[in-house]
Amino acid sequence: PDVYPGNCWAFKGSQGYLVIKLSLRVQPTAFYLEHIPKTMSPTGSITSAPRNFSVYIIEVRVLSNWGHPEYTCLYRFRVQGEPMIQP
Numbered sequence: 564p565d566v567y568p569g570n571c572w573a574f575k576g577s578q579g580y581l582v583i584k585l586s587l588r589v590q591p592t593a594f595y596l597e598h599i600p601k602t603m604s605p606t607g608s609i610t611s612a613p614r615n616f617s618v619y620i621i622e623v624r625v626l627s628n629w630g631h632p633e634y635t636c637l638y639r640f641r642v643q644g645e646p647m648i649q650p
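Letter 31 of the sequence shown, counting from 1, is numbered 594 in our numbering, and no numbers are missing.
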């Protein structure tokens, strides 16, 4: 997936959630949430970027953004981990 202005999962307001389905079972070791850099933003602002978020199993909950009153944009979410052996 690319990270270009406007090519994101956008939701109304500053809170929302997204359920992720992975291609295989993993023991997560890290989570990465990415947004475009300020230099790529047409407005020079990234207030729509998620500010606080949490992960429950593989549900990403965005708790706040950097101040945009209308929407929040999530560009990329990555899970790093070790594959789990299936019985």
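For glycine and all other residues, C-beta sits at the position ideal for the given N, C-alpha and C.
Environment of residue i [buried if 16+ CB atoms lie within 10 Å]
{"i": "serine 667", "result": "Outside the shown range of the chain, which is 564 to 650, sits residue 667, and nothing can be said about it."}
{"i": "proline 613", "result": "buried"}
{"i": "threonine 635", "result": "buried"}
{"i": "isoleucine 609", "result": "buried"}
{"i": "glycine 569", "result": "exposed"}
{"i": "asparagine 628", "result": "buried"}
Test item: CB-CB of residue i and residue j under 7 Å
{"i": "isoleucine 583", "j": "isoleucine 620", "result": "no"}
{"i": "glutamine 590", "j": "glutamate 645", "result": "yes"}
Own chain residues within Cβ distance below 6 Å of residue i, not counting five before or after
{"i": "leucine 585", "result": "none"}
{"i": "histidine 631", "result": "Thr610 and Ser611"}
Which listed residue (the options) has its alpha carbon closest to that of residue i
{"i": "tryptophan 572", "options": "Ile599, Gln590 and Leu587", "result": "Ile599"}
{"i": "phenylalanine 640", "options": "Thr602, Leu581, Ile648 and Ser577", "result": "Leu581"}
{"i": "phenylalanine 541", "options": "Val623, Thr606 and Leu587", "result": "Outside the modelled stretch of the chain, which goes from 564 to 650, sits residue 541, for which no answer is possible."}
{"i": "glutamine 643", "options": "Arg588, Gly576 and Gly579", "result": "Arg588"}
Cβ shell of residue i (< 8 Å), same chain only, five flanking positions each side left out
{"i": "glutamate 597", "result": "Val566, Tyr638, Arg639, Phe640 and Arg641"}
Contacting residues, own chain, Cβ-Cβ under 7 Å from residue i (five flanking each side not counted)
{"i": "glutamine 649", "result": "Arg588"}
**Asked** Which ranges would you report for the beta strand (DSSP E) in the region 581 to 623 if only whole runs of at least 3 residues count?
**Response** The qualifying runs are 589 to 597 and 613 to 619.
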